[in-house]
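The structure under discussion appears below in the form of structure tokens.
Protein chains: 2
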Amino acid sequence: MSIGPKQAMFEAFASVARALGHAHRLEILEHLAQGERGVEALSERAGLSIANASQHLQQLKRAGLVASRRDGKFVLYRLADDGVLGLIGSLRQVAERNLAEVDRIVRGYFSERDSMEPVTRAQLLERTRDGLVTVLDVRPADEFAAGHLPGAVNIPLSDLEARLAELDPGHEIVAYCRSAYCVLSFEAIAALRARGFTARRLEDGYPEWRAAGLGVETA
Amino acid sequence: MSIGPKQAMFEAFASVARALGHAHRLEILEHLAQGERGVEALSERAGLSIANASQHLQQLKRAGLVASRRDGKFVLYRLADDGVLGLIGSLRQVAERNLAEVDRIVRGYFSERDSMEPVTRAQLLERTRDGLVTVLDVRPADEFAAGHLPGAVNIPLSDLEARLAELDPGHEIVAYCRSAYCVLSFEAIAALRARGFTARRLEDGYPEWRAAGLGVETA
DNA sequence: TATACATTCAATCAAGTCATTGAATGATAG
DNA sequence: CTATCATTCAATGACTTGATTGAATGTATA
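Line by line, the protein sequences give chains E and B.
Going by the numbering used here, the residue at position 145 of the first sequence is 125; the numbering climbs one at a time, nothing skipped.
Going by the numbering used here, the residue at position 26 of the second sequence is 6; the numbering climbs one at a time, nothing skipped.
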């Protein structure tokens, strides 16, 4: 007995969901959301062997979540389209609202470092116009170079201690990173507060800003 | 070695995605999107044994996708919130845009029965105001009773042939069903066209209409 | 209180997924 | 046209998931 079109569609949708159903693949997607990347770069950042990363990437590709192109000896992967960002955003939203586990992690780790409401994209746009804030990008320099918020200053988290002098203590700092729960911006905010700065984080990361069409700069 | 908060969050998000990663569970969710249902009703409609349906429901519950309450001897399940509809919608959108398999199924089955662009919710609202269309709900009577589009006529697909006389041949018919690719409305449209009616389908189903806040009627 | 009935649990087996290893591709550079 | 290097493939074993069966739980009615 062959399955009907209804089951075939459900099976197709399920195959996409299964591709999202692994922490390593979600992490790879977060990195790809920053921009195109090669297999080796992704494997390093996600802490995977190259062969393992390659296999996860191929699963993501089969599911239509990422696309790839060859550039010389390298194969560069990217998100298939901005709909994938929306899908991951919905996933996060549902998990935030309905999973006690997420609440536990947020309370136990993230809220310890930032008890304040995040700044929304609209609020940040408004305040930047008034010149009242320093927008701080705490991602590694190569990700910053590939694209960042207009006027943002790049101080990777690892350099923050050493480069505090570059920040104006009179300005409020709004820090952002790769995504809503990217650890870098939370760490940055905790460090800055400890030094007496006024610091808050952007509600989510660079990819969402870009996808919202609010304009980006590249190096 | 304990995992950090970043990996823990990815793991939590992945657990939600995994719950969506099975055709039977997606089908169960489609039925729950119509309204609250007991285990037995769901198991019948999805073609599963009761024990199997119960286990899938518990996975969905653990993932925060559905909630349940006890009513006498029955346990009634429902979607956890409307965010779940949004998540499934994103999933469908990504699959539609990026999976060749979906394109194949749509071409091979659905477009054979309805080659026309679907009517959007806004278009339908407008035309109903002018009294130009018959809104046809082809779901089973109990789903219709639990909630339907304002002014809709209920003729379950199984009764359609016998009840064609109830439909005004001068009106355009807009048929809808459980969701965008619900087979019932496609079959209804093919049958109606064959009888000389002008028939189109709504872009998606009852749950999306309700979630859009456009108003519903109950029996 | 005993019985019926809806649902869940527990145990089983088959099938699928994951990470690792080492070999195989396929493109560039000499 | 051979060597090199990035990536992918194939095979393995540990682990997880899915469906089935029959027993257990818990609520309502006689």
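Even glycine gets a Cβ: it sits at the ideal position worked out from N, Cα and C.
Predicted, not measured: the structure shown is a model, and the values here were computed from it.
Practice problem: Take Ser29(E) and list the residues in its own chain whose beta-carbon comes closer than 8 angstroms to its own, dropping the five residues that flank it on each side. | Solution: Ser23
Practice problem: Using alpha carbons as the reference points, say which of Gly69(E), Glu123(E) and His128(E) lies closest to Ala(-6)(B). | Solution: Gly69(E)
Practice problem: Return the bridge partner residues of Arg180(E) from the DSSP annotation. | Solution: Val154(E)
Practice problem: Note down the Cα distance separating Arg101(B) from Leu12(B), rounded to an integer number of angstroms. | Solution: 21 angstroms
Quiz item: Between Ser95(B) and Tyr186(B), what straight-line distance do the alpha-carbon atoms span, to the nearest angstrom?
Solution: 21 angstroms
Quiz prompt | Closer than 7 angstroms at the beta carbon, the chain E residues around Phe(-7)(B) | solution = Leu6, Leu71, Arg72 and Ala75
Quiz item: So is Arg(-2)(E) in contact with chain B if we call contact Cβ pairs under 7 angstroms?
Solution: yes
Exercise. Kindly say whether Tyr156(E), judged by its beta-carbon, lies nearer than 7 angstroms to any beta-carbon of chain B.
Key: no
Quiz prompt | Beta-bridge pairing of Asn134(E) - partner residues as DSSP gives them | solution = Asp117(E)
Practice problem: Please say whether Leu140(E) and Ala121(E) have beta carbons closer to each other than 7 angstroms? | Solution: no
Practice problem: Would you list, in chain order, the members of the segment 56 to 71 of chain E that have their beta-carbon closer than 7 angstroms to a beta-carbon of chain B? | Solution: Ala60, Asp61, Gly63, Val64, Gly66, Leu67, Ser70 and Leu71
Exercise. Measure the C-alpha to C-alpha separation of Arg109(B) and Val163(B) and round it to an integer number of angstroms.
Key: 27 angstroms
Exercise. List the residues of chain E whose Cβ lies closer than 7 angstroms to the Cβ of His2(B), in chain order.
Key: Ala(-6)
Quiz item: Residues of chain B with a CB under 7 angstroms from the CB of Tyr89(E): which are they?
Solution: Pro(-15)
Quiz item: Counting only runs that start and end within the segment 25 to 72 of chain B, where is the beta strand (DSSP E) found for 3 or more residues in a row?
Solution: 46 to 51 and 54 to 59
Exercise. Provide the residue span of the alpha helix (DSSP H) that contains Val163(E), from first to last.
Key: Val163 to Ala174
Self-check item: Sequence-distant residues of its chain with Cβ nearer than 7 angstroms to Gly127(E) (five each side left out)
Solution: Gly15, Tyr186, Arg190, Val196 and Thr198
Quiz item: If you measure from the beta carbon of Gly204(E) to each beta carbon in chain B, is any gap under 7 angstroms?
Solution: For chain E, the structure presents residues -19 to 199; residue 204(E) sits outside this window and is missing.
Quiz item: Out of Asp117(E), Leu144(E), Arg84(E) and Glu20(E), which has the shortest C-alpha to C-alpha gap to Leu182(E)?
Solution: Asp117(E)
Quiz item: Listed in chain order, which residues of the segment 170 to 189 of chain E have Cβ atoms closer than 8 angstroms to some Cβ of chain B?
Solution: none
Quiz item: What does Gly18(E) pair with, by DSSP beta-bridge criteria?
Solution: Leu56(E)
Quiz prompt | At least three beta-carbon pairs within less than 8 angstroms, the segment 80 to 93 of chain B to the segment 27 to 43 of chain B | solution = no
Quiz item: Which two residues bound the contiguous alpha helix (DSSP H) that contains Asp83(E)?
Solution: Ala80 to Ile85
Quiz prompt | Where Val99(E) sits in the DSSP three-state scheme | solution = strand
Self-check item: Cβ distance (whole Å) where Leu40(B) is taken to contact Ala(-1)(B) below 8 angstroms
Solution: 6 angstroms
Quiz item: Start and end of the alpha helix (DSSP H) containing Pro187(B)?
Solution: Tyr186 to Ala191
Self-check item: Chain-order list of residues whose beta-carbon lies under 6 angstroms from that of Ala160(B) (same chain, five-residue window excluded)
Solution: Asp184
Quiz prompt | Strand pairing of Glu197(B), partner residues [DSSP] | solution = His128(B)
Quiz item: Which residues in the same chain as Met(-19)(B) place their Cβ atom closer than 8 angstroms to its Cβ, once the five residues preceding and following it in sequence are excluded?
Solution: In this predicted model, Met(-19)(B) has a pLDDT of only 47, less than 50, meaning its place in the structure is not dependable enough to derive any value.
Practice problem: Would you mind stating whether Gln(-13)(B) and Ala3(E) have Cβ atoms separated by less than 7 angstroms? | Solution: yes
Quiz item: When burial is assigned at 16 or more other CB atoms within 10 Å of the CB, is Ile(-17)(B) buried or exposed?
Solution: exposed
Quiz item: The alpha helix (DSSP H) with Arg143(E) in it runs from where to where?
Solution: Element bounds for Arg143(E): n/a, residue is neither H nor E.
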